[in-house]
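Okay, so here's the structure we're looking at.
Protein chains: 2
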Amino acid sequence: MAERFEIVEKALVKMLEDKKYSALREVLTTMNPSDIAALFAGLEEARIPLLFRLLPKELAAETFVEMEPDAQELLIQGFSDNELKEVLDELYVDDAADLVEEMPANVVKRILHQADPEMRQSINQILRYPENSAGSMMTTEYVSLRPDMTVEESILRIRRQGIDKETIYTCYVTQDRTLLGIVTVKDLLLAEDDETPVGEMMLTNVISVSTLTDQEEVAQMFSKYNFLALPVVDGENRMVGIVTFDDAMDVMEDEFTEDIEIMGGMTPSEKTYLKSSVLDLFLHRIPWLLLLMVSATFTGMIITSFEGALAAQVALTAFIPMLMDTGGNSGSQSSVTIIRALSLGELRFSDIGKVLWREIRTAVACGAVLSAVCFAKILLVDRWLMGNPGVTILVDAVVCLTLFVTVVIAKVVGCTLPLVAKKLGFDPAVMASPFITTIVDALSLLVYFLFSQLLLGV
Amino acid sequence: MAERFEIVEKALVKMLEDKKYSALREVLTTMNPSDIAALFAGLEEARIPLLFRLLPKELAAETFVEMEPDAQELLIQGFSDNELKEVLDELYVDDAADLVEEMPANVVKRILHQADPEMRQSINQILRYPENSAGSMMTTEYVSLRPDMTVEESILRIRRQGIDKETIYTCYVTQDRTLLGIVTVKDLLLAEDDETPVGEMMLTNVISVSTLTDQEEVAQMFSKYNFLALPVVDGENRMVGIVTFDDAMDVMEDEFTEDIEIMGGMTPSEKTYLKSSVLDLFLHRIPWLLLLMVSATFTGMIITSFEGALAAQVALTAFIPMLMDTGGNSGSQSSVTIIRALSLGELRFSDIGKVLWREIRTAVACGAVLSAVCFAKILLVDRWLMGNPGVTILVDAVVCLTLFVTVVIAKVVGCTLPLVAKKLGFDPAVMASPFITTIVDALSLLVYFLFSQLLLGV
């Protein structure tokens, strides 16, 4: 699919270069706004305004919403007041609010100046809510009905008001702005009697979120309940807006990217990879690398204090990387599983007993198999094949016992830390592999040297 | 929220124990199917059929769809033929097909026997498509219109047929089953003239998927284009079904989970954590652990061949864990970033040059800072504070040079492997941290010993 898009992209750029504007306009009108926006992303800056002006008004606005902030800013800088007003008139309020959040102050001033008073007020309302809250992602444009309206009156109202609403398919029945229930267009269209008041047919067990609900929780509710839209109410249960499923999907993707970045030992970034500067990449990566490097001092100190043992049995050193890596991998398997189950809402802190019992049994099974295979491998490869005389049966035993204990420790640490982090109100993803690796490394080395002392007497 | 649900759960179980059935029924009818299904998941097996029979017919079917397969099987085993037929009649075809896929053969036979002929045919059609294809996740129930129908006729058709359709909001204009365009209920309701034929107002640049399109690609199209539903066509562009956004959201979540599991060094599992047996967990984790443990043999071999150097300069051993961990962390930062950008469609293989140039500059910056801090830290902590005479300035230099080179190698390997995997048609997630750690370990040890030989002459 990506390849097909590249071919289209090249053809269109060629048309632009050859000034075949009317043909280009024809092609663009058959394209989807997201695809046109992707096209803009690959274009030279100078050509962006030219191509944009070829788009019909409505398509232009829809494309504008899908574009990257830097291209949006470039366009607005070049717009006449009239052009800006035309684009703004076509935007939904939540998209306009997103735009205002992204733009620098001088552009924001122009936008708010050109927006009509109603939109200006709505934008300001949405911007008052904290970032990442339901209030900041909602739109204030929805269809509201009164409970005494009949099915026929309701449909009439939708037909009159629908044009400006992001979704008309779920309508909200309110009285004095208090949310009483919801009615879908499907219910209205399929109603047997046009005279039924919507108050009698509405669904009253409405699930709503507060303006301050975290966006991650909002996204989870969408995926759990399969809603098209979710009403947002204020502290007094008065309806202030709706969140639509497309914004919830975007949040789901963003939150997942954030989780992955944190689990990979980075501070999360809002920019896409190719839009991030090298400085951005550096700044998001260096803090964790520094922290983890300095914390590896402990493993160094452990090794230093057992230098005598290592000097006496040099063969022991060769197995340190294998022990550390296997411990790290075992731990991250558990932590990754638990972190994901937590973010899907499958686990609570109170499940910690169940989780530990499962992980310990799994660890014993994994540890036993790994140790057995490792024992045989060391005997075959290191002792016989490579003929290393330092690798005695006893050394082999020390390595495999350590391996077993390390796997168990790693899995216990790996499953416990994310649950504890969640309980303490931290993001469990922080407790993913890099962090756990460091802890497991230190513990596995300690175990290694203890067994060496016990069995080898070094 | 989880806590609130636990309280409701306890209250309802108490009501069930006290046989307050009519009150319980009252409460259940105000609840959402997903929440009732979650309630069933926590219930003793013997009580499941009892509680299920308290639900009104339609709510029962909606709840049934949301339940876990084992509870579904339990219920079907206990259903009379009549009860089974009633539940099946309320299911949408795609949900019924999912059910058939999950159940054992004897249950499937009963389901197909009780389904009406039309549904049986649709189920069989859906089941013929490969797992994880658009065909297997679609429903065959959608509203189709002819291009010559007027707006008024179309609305009438929706009102007559809509009751059985999963979504009515997007209607498909077809001729001889070939997809010509789409019309939304919003378009129809807001149309100015009731006599306009839908063929004149339909959107013709319809994006569709083939029955064989992979479900991950389908989900990505939903998040890119914000569709409510996506038409599925066969090889001759004849419309065979639609995929709805709720199924796409589920796929998106499942694919995230799969990515995370693979990146954590596990084979992906379809079961939730608490539903997986210890054997499941073991079997999903042990293959990678074994593979990675055995591949760590190389690091062991490298250390063994430099045993002499280590014996001469015991202080060198203490820094092995720090070098390996920092290398592993640097590499996984890059690989995780690239894997995510690939699965979001932000990168293509042809960007490899751009990616390498960015990663190398970032690596040089990270490596320089890490080496400088490490140099100072070793001097301060290891040499002066801990008074380790073996840690000479030259040893410090070897460690920090190795660190710098390791970080650069790790980032280059970390960004290259996922891109190459993608190009070769593998899942890039496989190239995440565990794999890259193993490679980077071996390379960093080689560099370490090379620098030792050069600078320390050991």
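In order, the protein sequence lines correspond to chains A and B. Note that numbering that gives the first Met the number 0 has the first sequence beginning at 0, numbered continuously upward. Note that numbering that gives the first Met the number 0 has the second sequence beginning at 0, numbered continuously upward. Positions of the beta carbon are idealized from the N, C-alpha and C atoms, including for glycine.
| Item | Value |
| --- | --- |
| Does A/Tyr465 come out as helix, strand or coil in the three-state DSSP assignment? | As shown, chain A starts at 0 and ends at 457. That puts residue 465 of chain A outside it, with no answer to give. |
| Report the residue from A/Tyr171, A/Val439 and A/Cys373 whose alpha carbon sits nearest the alpha carbon of A/Gly330. | A/Val439 |
| B/Asn223 versus chain A: which residues are under 7 Å apart at the beta carbon? | According to the sequence as given, residue 223 of chain B is Lys; it is not Asn. The answer, in chain order, is Ser33. |
| DSSP beta-bridge partners for A/Thr183? | A/Thr169 |
| What is the C-beta distance between A/Leu211 and A/Pro129, in whole angstroms, given that I count them as a contact (C-beta under 8 Å)? | 7 Å |
| Please say whether B/Ser268 and B/Asp279 have beta carbons closer to each other than 8 Å? | yes |
| Would you mind working out which of B/Leu315, B/Ser443, B/Gly327 and B/Thr303 sits nearest A/Ala317, comparing C-alpha positions? | B/Thr303 |
| Are the CB atoms of B/Ala144 and B/Arg156 nearer to each other than 8 Å? | Residue 144 of chain B is actually Leu in this sequence, not Ala. Yes. Within cutoff. |
| Is B/Asp192 close to chain A? Criterion is C-beta to C-beta, closer than 8 Å. | no |
| Below 8 Å on C-beta distance, what does A/Leu289 contact in chain B? | Val368, Leu369 and Val372 |
| Hey, is the stretch 217-225 of chain B in contact with the stretch 291-305 of chain A, meaning 3+ C-beta pairs nearer than 8 Å? | no |
| Assuming contact is defined by CB atoms lying nearer than 8 Å, are A/Gly180 and A/Val217 in contact in what I supplied? | no |
| What residue range is occupied by the uninterrupted beta strand (DSSP E) comprising A/Val232? | Ala228 to Val232 |
| Counting Cβ pairs, one atom from each stretch, are 3 or more of them under 8 Å apart for the stretch 20-29 of chain B and the stretch 45-60 of chain B? | yes |
| Could you name the residues of chain A that B/Met321 contacts, counting a contact when the two beta carbons are closer than 8 Å? | Met292, Ala295, Thr296, Thr298 and Gly299 |
| Look up A/Gly456 in the DSSP assignment and say whether it is helix, strand or coil. | coil |
| Check A/Thr149 in the structure and name its three-state DSSP category. | strand |
| Strictly under 8 Å for the Cβ-Cβ distance: is B/Gly234 near chain A by that measure? | no |
| List the residues of chain B that A/Ser153 touches, going by C-beta distances under 7 Å, in chain order. | Ordered by position in chain B, no residue passes the 7 Å Cβ test against A/Ser153, which lies about 11 Å from the chain. |
| With distances taken between CB atoms, is the gap from A/Asn131 to A/Asp246 smaller than 8 Å? | no |
| Where do the ends of the beta strand (DSSP E) carrying A/Met238 lie? | Met238 to Thr243 |
| What does the Cβ neighbour count give for A/Ser451, buried or exposed, with the cut at 16 atoms within 10 Å? | buried |
| I need the straight-line Cα distance from A/Asn225 to B/Met137, nearest angstrom please. | 16 Å |
| Nearest to B/Leu445 by alpha carbon, out of B/Leu402, B/Lys410 and B/Ser121? | B/Leu402 |
| Given that a residue counts as buried once 16 or more other Cβ atoms are within 10 Å of its Cβ, and exposed if not, what is B/Trp287? | buried |
| Run down chain B in chain order and give the residues with a C-beta less than 8 Å from the C-beta of A/Leu188. | Ile154, Ile157, Arg158, Gly161, Ile167 and Val184 |
| Mind reading off the beta-carbon distance from B/Leu73 to B/Gln113? Whole number of angstroms is fine, and I expect it under 8 Å. | Incorrect: roughly 17 Å between the Cβ atoms, too far for contact. |
| With burial defined as no fewer than 16 other Cβ atoms inside 10 Å of the residue's Cβ, what is the status of A/Gly366: buried or exposed? | buried |
| Which of the three DSSP states, helix, strand or coil, is assigned to A/Ser207? | coil |
| Rounded to whole angstroms, what's the CA-CA distance from A/Ile435 to A/Pro417? Just pull it up for me. | 10 Å |
| Can you check whether the C-beta of A/Val313 is within less than 8 Å of a C-beta belonging to chain B? | yes |
| Residues in the same chain with beta-carbon distance under 8 Å from B/Glu151, minus the five sequence neighbours each way, listed in chain order, please. | Asp193 and Glu194 |
| Locate the alpha helix (DSSP H) running through A/Asn123, then write down its first and last residues. | Pro116 to Leu126 |
| Measure the alpha-carbon distance for B/Ala36 versus B/Ser21 and round it to whole angstroms. | 19 Å |
| Put B/Asp163 into one of helix, strand or coil per three-state DSSP. | helix |
| Rounded to whole angstroms, what is the Cα-Cα separation between B/Ile338 and B/Ala431? | 8 Å |
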